[in-house]
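Heads up, the thing below is written out as structure tokens.
Numbering (the working numbering), first residue to last: 87 to 577.
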């Protein structure tokens, strides 16, 4: 027992070291190696976490369609250490746990050369992450532990079934699947694609084995876990009189956001950006064919690939969506580890190695194309000295009554200057106004009636709202300006 615990601790410490090194290199929005880089979405998520430590709440004080569990994670990070470092610490533990689960999945089928099998499993996962990390601290990486652990339970169940331990699926596994789906839905619903594939395949497997009663009980446990995961945020925001607002922003506005382009346009955008890269979705399918895997593993590979492709296409062709491919790629590696040993498999193993070599060559090509952007660690600094110059003219006790308006990414402005927004529509304003024109009226009304002491607008560039500009002009005077920003003070 002690030896097993020691081995698990050793594995986790290795994973923590690898995760810390990976995050320091690739998470430009939080790494200590690039202190002036905030990213875009990451800056907003950190800002919400910081605001929550000051009593502000998402959906009331910050408008966004991401789910409450994401902001809870960011809040915990800011409680650990305020600023980018808090998010960095959370990321390190999150990725280390992902690597640990991947290592344990490898252990399920590695009869010998345990550490070599683990490294073989780690490398493709890290390759996918390195190319698609997009400066880090985004929704996909925080959903990965739930997806990977679901995949681990699924593979363990199939292994036990193949070993003659019975076909009854453990109810606690299904309880976790349901809670994983609920957790992910309250971060970003499309991130649950792989768990959805797992649920369908297990249910069909139980029906195939005539385990009808066990299938029904597992289905009930899935719903129980899902309800339990959803209950927490719903109860919390109900107690704050924000439940309708939270549900509206996360699901209704989220659906509006995803309908910005037609399905045909999304298909064209996705394949024009990543068409060649989508070939890696076929990797576990090809490995299953090479080793003549059982039907349920083939079905899991196919269904996971289709749902992942659909999930990515539903988005707006951002590279970080492809982080969701990690569990799918790990599935391919585990299938290869499971079948790769034994006599008379040399030819199959060679074909398998060629497949993985092609997989890595795709990543080398993509990494080469992104090298310039990866080296640009000082981008997105939030206005730099110009922003600090503006803030120096605002009394410190009024740093929570600043509203920035205009066609700019303001989250990094707030986080880099240590200020807090006085209006929940504090970023991506042009985008949101185009999606929901009534937001423009709400911004104008809040500025005119509720007001805030200070307003910052870009010194150059086209106006994004004549209506809001008119309200600012009639209620505010110019206090100060520099080459990049104009500071208004309420009359």
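Don't be surprised by glycine CBs; every beta carbon is placed ideally from N, CA and C. This one's a predicted model, so the numbers in the text were calculated from it and none came from an experiment.
Check for me: the beta strand (DSSP E) holding residue 81 runs from which residue to which? Outside the modelled stretch of the chain, which goes from 87 to 577, sits residue 81, for which no answer is possible.
Which ranges would you report for the beta strand (DSSP E) in the region 223-257 if only whole runs of at least 3 residues count? Note on the region 223-257: there is no whole beta strand (DSSP E) run with a minimum of 3 residues.
Is the region 302-322 touching the region 108-123 in the sense that three or more CB pairs, one from each, lie closer than 8 Å? Judged by Cβ distances under 8 Å, the region 108-123 makes no contact with the region 302-322, as fewer than three pairs qualify.
Since residue 544 is in the beta strand (DSSP E), which residue starts that stretch and which ends it? Residues 540-544.
Own chain, CB closer than 6 Å to residue 253, minus 5 neighbours either side, in chain order: The beta carbon of residue 253 lies closer than 6 Å to those of 247, 295, 297 in the same chain, with the five residues before and after it left out.
State the CB to CB distance for the pair residue 538 and residue 488, rounded to an integer number of angstroms; the pair is presumed to be in contact (CB under 8 Å). Residue 488 and residue 538 do touch by the CB rule: their CB atoms are close to 7 Å apart, below 8 Å.
Would you please state the rounded distance, in angstroms, between the beta carbons of residue 344 and residue 400? I believe it to be under 8 Å. By a beta-carbon distance limit of 8 Å, residue 344 contacts residue 400. Their separation comes to about 6 Å.
Please go through the same chain and pick out, in chain order, the residues whose beta-carbon is closer than 6 Å to the beta-carbon of residue 172, but skip the five residues on each side of it. If the five residues before and after residue 172 are omitted, its C-beta is found closer than 6 Å to the C-beta atoms of 163, 164, 166, all from its own chain and listed in chain order.
Given a cut-off of 8 Å on the beta-carbon distance, is the pair residue 382 and residue 291 in contact? Residue 291 sits close to residue 382, with the two beta carbons spaced by under 8 Å.
Counting only the same chain and skipping the five closest in sequence on each side, list residues whose C-beta sits under 8 Å from that of residue 147. Excluding positions up to five away in sequence, the list reads 137, 507, 510.
Return the CA-CA distance between residue 559 and residue 532, expressed in angstroms with no decimal places. Rounded to whole angstroms, the separation of the alpha carbons of residue 532 and residue 559 is 15 Å.
Assuming the contact rule is C-beta atoms closer than 8 Å, residue 97 and residue 186 should be a hit. Round their C-beta distance to whole Å, please. The C-beta distance from residue 97 to residue 186 rounds to 6 Å, short enough to fall under 8 Å.
For a test of your reading of the model: does the CB of residue 127 fall under 7 Å from any non-hydrogen atom of the ligand NAD? Yes or no. Among the components modelled here there is no ligand, and therefore nothing to report on the ligand NAD.
Please report the residue range of the alpha helix (DSSP H) in which residue 288 lies. If you look at residue 288, you'll find it in the alpha helix (DSSP H) that goes 279-294.
4 or more residues per run - each alpha helix (DSSP H) lying fully within the region 461-516: If we require 4 residues or more, the alpha helix (DSSP H) runs fully inside the region 461-516 come out as 470-477, 497-503.
When the Cα atoms are used, what is the spatial distance from residue 155 to residue 513? Roughly 20 Å separates the two Cα atoms.
Let's test the definition: count the other Cβ atoms within 10 Å of the Cβ of residue 527 and tell me whether it reaches 16, buried, or not, exposed. Per the 10 Å Cβ criterion, exposed.
Beta-carbon proximity of residue 277 to residue 226, cut-off 8 Å: Taking 8 Å as the Cβ cut-off, residue 277 and residue 226 qualify as a contacting pair.
CB residue 284 to CB residue 236, shorter than 8 Å? In contact: residue 284 and residue 236 (Cβ atoms closer than 8 Å).
Which same chain residues, not among the five before or five after residue 574, have their C-beta less than 8 Å away from its C-beta? Closer than 8 Å at the Cβ level, and outside the excluded window around residue 574, lie 540, 541, 542, 543, 558, 562, 563, 564, 565.
Are there 16 or more other CB atoms within 10 angstroms of the CB of residue 282, so buried, or fewer, so exposed? Sixteen is the threshold: when 16 or more other Cβ atoms of the shown chains lie within 10 Å of the Cβ of residue 282, as they do, the residue is buried.
Could you give the residue range of the alpha helix (DSSP H) that holds residue 366? It is not in any alpha helix (DSSP H) - residue 366 carries neither H nor E in the DSSP assignment.
Thinking C-alpha only, which one of 387, 386, 242, 272 is nearest residue 338? For the residues 387, 386, 242, 272, the minimum Cα distance to residue 338 belongs to 272.
Along the alpha helix (DSSP H) that carries residue 566, what are the first and last residues, could you check? No alpha helix (DSSP H) contains residue 566, which is instead part of the beta strand (DSSP E) from 562-567.
What's the gap between the Cα of residue 405 and the Cα of residue 250? The straight-line gap separating the alpha-carbon atoms of residue 405 and residue 250 is approximately 42 Å.
CA-to-CA distance, residue 268 to residue 279, given in whole angstroms: Cα to Cα, the separation comes out at about 12 Å.
Return the first residue and the last residue of the alpha helix (DSSP H) that residue 409 is part of. Taken as a continuous stretch (DSSP letters only), residue 409 belongs to no alpha helix (DSSP H), as it is neither H nor E.
Ends of the alpha helix (DSSP H) at residue 629? There is no way to answer for residue 629, as the model of the chain reaches only from 87 to 577.
Compute the beta-carbon to beta-carbon distance between residue 293 and residue 241, rounded to the nearest angstrom, for a pair I have assumed lies under 8 Å. Their Cβ separation, rounded to whole angstroms, is 20 Å, which puts residue 293 and residue 241 out of contact at 8 Å.
Using the three-state DSSP reduction, which class does residue 337 fall into: helix, strand or coil? Residue 337 sits in a helix when the DSSP states are folded into three classes.
Pull up the distance between the alpha-carbon of residue 396 and that of residue 223, whole angstroms please. Using only the alpha carbons, I get a separation of about 23 Å.
Would a check of beta-carbon distances place residue 399 closer than 8 Å to chain C? As a matter of chain content, chain C is missing from the structure shown, which is built from one protein chain.
For residue 502 and residue 465, the rounded distance between their alpha carbons: Low confidence applies here, because residue 465 scores a pLDDT of 46, under 50, leaving its location unreliable and the question unanswered by this model.
Does the region 404-418 come into contact with the region 204-224, if we say contact requires no fewer than three beta-carbon pairs (one atom in each stretch) closer than 8 Å? Yes: at least three Cβ pairs fall under 8 Å.
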